[in-house]
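Report on the structure given below.
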Amino acid sequence: MWTLVILLLALCMTSSNSQREYFWQLNDVHYDPTYWTNQESCNIPITPDQLGNYGNPECDSPWNLTREAILGIAFEGRLPKFIIWSGDTPHHPINDTLTQEKVFLAIRNITGLIEEILPDIPVFPVLGNHDYYPVDQLPVEENSMYDELGELWKNWIDFGGNYSDALQSFKKGGYYTRIIHEVSASVRGIVLNTNLYSPNNKQTEGMEDPGGQFAWLEDVLTQSVAQNEMVHVMVHISPGIHGGNPDWRMMREEKSERLNAIFRKYGRNIIAIYSAHAHSDTYQIYYDEGDPVTTMFTAPSVTPWKGRYDGATPRNPAIRKYFFDQSNLKRLLDYEQFFLDLVKANENADDARWAQLYTFNQAYGSMNLDPEQVNAAKETLRNFASDNFHNYYDYSTVGWKDPYIPCGCLCKEQHICAIENVDVHDMNACLESAPCRATPLSAMTTATTLLLAVLAMML
Ligand SMILES: [Zn+2]
Ligand SMILES: [Zn+2]
């Protein structure tokens, strides 16, 4: 009798495991080909013996780290169904030493590396603000960079010639959509070029709908809903407020609100939105009339580079694996955040291994990543006495704690308000009613605000 029960249980577990598939998110590699020569991305001069084989927090990624990130995706478990490559491949040179050729070459080298290590795995490339020269100035019409990248990524974007319209819209505006056939005929990938909404992009200043992307997105989502599809949305720059600071916005406010309204309207058909650019780990929840309808997950970067401002905190290199349920395509089951302990890896190459930093479910006690579950997980952050908020805060720098910048009561409220309010006026209202409002703005001083604004311009 018991043998039978155990056998049945084992069978159930096998069948539920067989439903568990996954994909990866790779972003903000910022590969510096001059790491061992001119160190163009390093904030300060670093002697060769201090550089580190796998990177240095003052600099962008050396080739070793870049290669290790792709190898991590190849060897952490079975091969994934697909990869979201969320942009920002070139480095941040301290002087303007880049050219369009150098930017293209960096992207071509990493494309080649992915094709070599992960042949036949479909990739959804997303343009980052650094994947263009001059930086941030991504245009709204056809140009040689979109054209060259479109040709380079042709097989990934048009799925072997089946989506010529996807290649066409990429070459015109840097955005595209196609069904993720590798998962199901009813799951769609939508890749946006949100760099068009960056306040640093002079090309799109004053435009109501840069590149016609809003109209296109509404059109794609309307048709998608009519056909009962589920959608993964992939962006580089996210709308909303980052890091709990109401003054740190990476998108023009009216563009952020318009994009948020679309995500809210179609949220029940959006499995999740995946963003990058912030080089830190967070998430934001979209509500429709009080109900959580979808989530935007922001993944931390591969580069450990800490930015160029006083008091900046480095981060460990990161790659992220999402689990989904093949039998319930609307559901993300969990994600697993991997990190490379940079100090250990540099001390001993044998320690250059990706390790699990946390999984969302384990960290916050959720059962899956349904919006209701993510919302409940967010509520646990409000109990400041529990470990959940401290963990959330530590994860934002991928476990790097030197120097450790404490997060006081108002800082905590700011983080939580940012998770649940993607529009600036809602965020401000949330802060107005925060229990720590009477506390002086010591945790987030004007100086910090200014420094974060500087960082926002550099990511
Ligand atoms: Zn970046
Ligand atoms: Zn970026």
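Per mature numbering (1 follows the signal peptide of the UniProt record, and there is no 0), the sequence shown runs over residues -18 to -1, 1 to 441.
Here a beta-carbon is modelled for each residue, glycine too, at the ideal position from N, C-alpha and C.
Through-space distance from residue j to residue i, alpha-carbon basis
i	j	result
V(-14)	Q1	Because V(-14) sits at a pLDDT of 44, beneath the cut-off of 50, its placement in the model cannot be relied upon, and the following sentence gives the value as read from the coordinates. About 21 Å.
Q344	N125	46 Å
G132	V122	15 Å
Q82	P116	8 Å
V406	C399	10 Å
N35	S262	23 Å
P353	S43	34 Å
G188	R160	30 Å
F152	P274	31 Å
R297	A208	43 Å
T431	G390	Its pLDDT being 41, under 50, T431 is placed unreliably by the model, and the measurement read from it follows with that caveat. Going from the Cα of T431 to the Cα of G390 covers about 15 Å.
L134	Y128	10 Å
A281	N144	30 Å
R49	K154	31 Å
M232	P221	7 Å
T264	I401	8 Å
S(-3)	D113	Per-residue confidence for S(-3) stands at a pLDDT of 48, beneath the threshold of 50, marking its modelled position as unreliable; the derived number appears in the next sentence. If you take the alpha carbons of S(-3) and D113, they lie about 40 Å apart.
A260	S378	10 Å
G193	Q185	11 Å
Q32	F57	29 Å
CB contact flag (residue i, residue j, <8 Å)
i	j	result
Y179	I219	yes
K303	T295	no
L80	P72	yes
P181	R234	yes
L120	K136	no
W45	V105	no
residue 502	Y375	The chain is shown from -18 up to 441; residue 502 falls before or after that span and cannot be answered.
I76	S23	yes
I99	Y13	no
K312	M212	yes
F64	E164	yes
V380	F321	yes
I55	L109	no
V356	S368	no
Per DSSP, the bridge partner or partners of residue i
i	result
R2	D307
residue 452	Any answer about residue 452 is impossible in this case: the structure gives the chain only from -18 up to 441.
W336	L322
S257	T280
F150	Checking the displayed sequence, the identity of residue 150 turns out to be Gln instead of Phe. None; Q150 has no bridge partner.
D316	F305
R160	G171
I252	V213
P107	W67
Supposed close pair residue i, residue j - CB separation, criterion 8 Å
i	j	result
H214	Y256	7 Å
A51	I301	5 Å
D10	T285	6 Å
Q319	Y291	With a Cβ gap of about 25 Å, Q319 and Y291 do not count as contacting.
Q177	N111	First, the amino acid is wrong: residue 177 is Asn here, not Gln. N177 to N111, Cβ: 5 Å. Contact.
G69	A254	At roughly 17 Å, the Cβ-Cβ gap does not stay under 8 Å, so G69 and A254 are not in contact.
**OP:** Specify whether the stretch 196 to 210 and the stretch 155 to 173 touch according to this definition: at least 3 beta carbon pairs, one from each stretch, less than 8 Å apart.
**Re:** yes
**OP:** Would you check if there are 3 or more beta carbon pairs closer than 8 Å linking the stretch 77 to 93 to the stretch 332 to 345?
**Re:** no
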